[in-house]
């Protein structure tokens, strides 16, 4: 995921706020509950910020 994000960064130079990437160092494929909830809160905040 990090490599994909890095490949996208140049495409978003003019609008970097549209590209977000967060890592959860203590979670594997099965995320810890607190990381899962954080991810969902970030997702919902993004939708609200973008007017959905």
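Numbering (the working numbering), first residue to last: 1 to 52. Idealized CB from N, CA, C, for every residue including glycine. Quantities reported herein were computed from a predicted structural model and do not represent experimental measurements.
Residue i in three-state terms, based on DSSP
i          : result
residue 45 : helix
residue 24 : coil
residue 50 : coil
residue 17 : helix
residue 1  : coil
Heavy atom of the ligand GTP within 7 Å of residue i beta-carbon
i         : result
residue 6 : In the structure on display, the ligand GTP does not appear, and there are no ligands present to speak of.
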